[in-house]
Amino acid sequence: MDINILDSFLSTLRIQNIVLAIFVNRKIWMNDINSRIKQLRKDKRLTQKEFCYRIGASQSYLSEVENGKSKASVDIFIGIAKCFKDVSIRWLLTGEKVDDNQYDSIQEKVLKDVIEVVEWALDQVNAKPNPDKKAELISAVYEFYLDEGIPEDKSKLIKLVKAVA
Numbered sequence: 015m016d017i018n019i020l021d022s023f024l025s026t027l028r029i030q031n032i033v034l035a036i037f038v039n040r041k042i043w044m045n046d047i048n049s050r051i052k053q054l055r056k057d058k059r060l061t062q063k064e065f066c067y068r069i070g071a072s073q074s075y076l077s078e079v080e081n082g083k084s085k086a087s088v089d090i091f092i093g094i095a096k097c098f099k100d101v102s103i104r105w106l107l108t109g110e111k112v113d114d115n116q117y118d119s120i121q122e123k124v125l126k127d128v129i130e131v132v133e134w135a136l137d138q139v140n141a142k143p144n145p146d147k148k149a150e151l152i153s154a155v156y157e158f159y160l161d162e163g164i165p166e167d168k169s170k171l172i173k174l175v176k177a178v179a
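Each residue of the sequence shown is one higher than the one before, counting from 15 in this note's numbering.
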């Protein structure tokens with residue numbers, strides 16, 4: 015067997031295992047994410063107005079998110095990533111605490127790249143997952159990118175998205 019084929023297979027298998035572990039072992043509920051956004055705001059001792067100013071969201075929209083009437087948009091996550099470097103994306107999306115040395119803050123550029131790549135891959139396979147599943151996919155790909163680096167071959171990501179979307 016060609017070593018490149020083996021490496022490609024092992025890399026794909028590693029991606030699939032990461033995503034499967036995330037999908038099988040936990041479910042993300044948007045209300046939990048919304049609660050963590052509210053908790054973050056309160057932990058930072060900010061009013062809704064102050065928090066919205068920092069992350070670039072409207073106060074009425076944030077109120078709807080915090081009260082479970084609306085789902086947090088990708089723009090909210092990007093705003094949080096820009097303003098609060100100490101916030102773990104894993105905690106924000108899943109509620110899981112992480113070691114201080116590992117994934118200690120959202121890396122804005124990586125997160126933007128991941129969101130763009132996931133959106134592109136979803137378009138390629140014509141998939142429209144629900145917001146919970148999309149958030150989970152973004153989280154899984156983000157963690158993979160931090161662990162493995164950004165792959166040059168996007169076809170593996172398309173296979174992965176097609177399998178889970």
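C-beta: ideal position from N, C-alpha, C; glycine also. Quantities reported herein were computed from a predicted structural model and do not represent experimental measurements.
Distance, Cα to Cα, N48 vs I129?
-> For the purposes of this step, residue 48 is taken as residue 34 along the sequence shown, with counting starting at 1. For the purposes of this step, residue 129 is taken as residue 115 along the sequence shown, with counting starting at 1. So the two alpha carbons sit approximately 19 Å from each other.
Excluding sequence positions up to five away, which residues of its chain have a Cβ less than 8 Å from the Cβ of W134?
-> The count along the sequence shown starts at 1 and reaches residue 134 at position 120. Contacts found: K168.
How would you call R59, buried or exposed, if buried means at least 16 neighbouring beta carbons within 10 angstroms?
-> The count along the sequence shown starts at 1 and reaches residue 59 at position 45. Exposed.
To which residues of the same chain is L106 closer than 6 Å at the C-beta, ignoring the five residues directly before and after it?
-> Here residue 106 is taken as the residue at index 92 of the sequence shown, counted from 1. Excluding residues within five positions, the ones whose Cβ falls inside 6 Å are R50.
Is it buried or exposed for T61, if we count other Cβ within 10 angstroms and need 16 for buried?
-> Mapped onto the sequence shown, residue 61 falls at position 47. It counts as exposed.
Where the alpha helix (DSSP H) containing D161 begins and where it ends = Locating residue 161 in the sequence shown gives position 147, counting from the first residue. Counting along the chain, the unbroken alpha helix (DSSP H) around D161 starts and ends at P145 to E162.
If I'm right that I90 touches V79 with Cβ under 8 Å, what's the distance once you round it to whole angstroms?
-> On the sequence shown, residue 90 is found 76 positions in, with the first residue counted as 1. On the sequence shown, residue 79 is found 65 positions in, with the first residue counted as 1. Indeed, because the Cβ distance is near 7 Å, the residues count as touching under 8 Å.
Would you decide whether Y67 is buried or exposed? Buried here means 16 or more other CB atoms lie within 10 Å of its CB.
-> On the sequence shown, position 53 is the one that residue 67 refers to. That one is exposed.
Kindly give me the distance between the Cβ atoms of L125 and I92, rounded to whole angstroms, as I take these residues to be in contact under 8 Å.
-> For the purposes of this step, residue 125 is taken as residue 111 along the sequence shown, with counting starting at 1. For the purposes of this step, residue 92 is taken as residue 78 along the sequence shown, with counting starting at 1. Between I92 and L125 the Cβ distance is about 7 Å, and since that is below 8 Å, they are a contact.
Consult DSSP for A86 and reduce its assignment to one of helix, strand or coil.
-> In the sequence shown, counting from the first residue as 1, residue 86 sits at position 72. Coil at A86, not helix or strand.
Leaving out five residues on either side along the sequence, give the residues of the same chain with a beta carbon under 6 Å from the beta carbon of C97.
-> Taking the first residue of the sequence shown as position 1, residue 97 is located at position 83. Within the same chain, and ignoring the five residues on either side of C97 in sequence, the residues whose Cβ sits closer than 6 Å to its Cβ are R68 and I69.
Spatial distance of K176 from V139 (CA atoms) = The residue labelled residue 176 in the question sits at position 162 within the sequence shown. The residue labelled residue 139 in the question sits at position 125 within the sequence shown. If I take the Cα positions, the gap works out to 6 Å.
State the DSSP-derived secondary structure class of E110, mapped to helix, strand or coil.
-> Your numbering for residue 110 matches position 96 in the sequence shown. DSSP places E110 in coil when its eight states are reduced to three.
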